[in-house]
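Be aware that the sequence shown starts at 1, since it is given in UniProt numbering, and climbs by one per residue.
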Amino acid sequence: MQQVRPGSLQEVREIARVTGLQILYGGGVIRGLTNWGPFRLPRPITKHQTKYATGYHFIMRFDSSSAVQKSVRRTLGLDPRMIRFSVVKLGEKLEDIKDVGGTVEWNQSRQLIGDDLGVKVPLSSVRRLE
Numbered sequence: 001m002q003q004v005r006p007g008s009l010q011e012v013r014e015i016a017r018v019t020g021l022q023i024l025y026g027g028g029v030i031r032g033l034t035n036w037g038p039f040r041l042p043r044p045i046t047k048h049q050t051k052y053a054t055g056y057h058f059i060m061r062f063d064s065s066s067a068v069q070k071s072v073r074r075t076l077g078l079d080p081r082m083i084r085f086s087v088v089k090l091g092e093k094l095e096d097i098k099d100v101g102g103t104v105e106w107n108q109s110r111q112l113i114g115d116d117l118g119v120k121v122p123l124s125s126v127r128r129l130e
């Protein structure tokens with residue numbers, strides 16, 4: 001999951017594009033890209049001498065070698081537009097992770113912000129949490 005400073009959606013697109021190209025050029029595969037839009041952060045974060053309470057969130061599911069992952073982490077860590085990011089291993093084999101989606105489940109009162117990255121989130125995938 002990546003969290004980008006609030007502001008221009010163009011910055012989010014550029015970060016997603018650069019990260020995706022880096023993965024593809026390294027021989028990796030992008031399995032999915034989901035834009036969650038702007039959200040409040042769990043707690044305010046200070047990054048590059050600026051305090052942030054909200055940020056754009058997006059998830060990129062990808063498969064790549066450890067060298068490409070290291071390169072992606074370095075690039076995201078050096079980008080001043082990034083507030084926070086994480087790379088999480090979802091499983092060992094494709095069978096373990098093939099059904100993992102990038103959608104977020106909210107109750108019906110929470111609307112997802114318009115998805116301007118071109119990834120559609122169907123309303124049927126959003127269900128009420130009890």
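Ideal placement from N, C-alpha and C gives every residue a C-beta, glycine not left out.
**Q.** Runs of alpha helix (DSSP H) wholly within the stretch 58-88 (minimum 4 residues, chain order)
**A.** The qualifying runs are 66-78.
Q | Enclosing alpha helix (DSSP H) for Gly20 [first to last residue] | A | What you label residue 20 is simply residue 20 of the sequence shown in a count that begins at 1. Gly20: member of the alpha helix (DSSP H) spanning Leu9 to Tyr25, first to last residue.
Q: Could you check if Ile25 is buried or exposed, using at least 16 other CB atoms within 10 Å of its CB as the buried criterion?
A: Residue numbering aside, residue 25 sits at position 25 when the sequence shown is read from its first letter. Correcting the residue type first, residue 25 is Tyr in the shown sequence and not Ile. Note on Tyr25: under 16 other CB atoms within 10 angstroms of its CB, so exposed under the neighbour-count rule.
Q: Let me know the secondary structure DSSP gives Leu94 once reduced to three states.
A: Here the question's residue 94 lines up with position 94 in the sequence shown. In the three-state reduction of the DSSP assignment, Leu94 falls in the helix class.
(Q) Quick test of your reading: residue 131 and Thr34, contact by CB under 8 Å. State the CB separation rounded to the nearest angstrom. (A) There is simply no residue 131 to check, as the chain begins at 1 and stops at 130 in what is shown.
Q. Can you give the Cα-Cα distance for Gly55 and Thr19, rounded to whole angstroms?
A. Taking the first residue of the sequence shown as position 1, residue 55 is located at position 55. Taking the first residue of the sequence shown as position 1, residue 19 is located at position 19. Cα to Cα, the separation comes out at about 18 Å.
Q) By the 10 Å Cβ neighbour count, where 16 or more other Cβ atoms means buried, how is Ala16 classified, buried or exposed? A) Residue numbering aside, residue 16 sits at position 16 when the sequence shown is read from its first letter. By the neighbour-count definition (other C-beta atoms within 10 Å, threshold 16), Ala16 is a buried residue.
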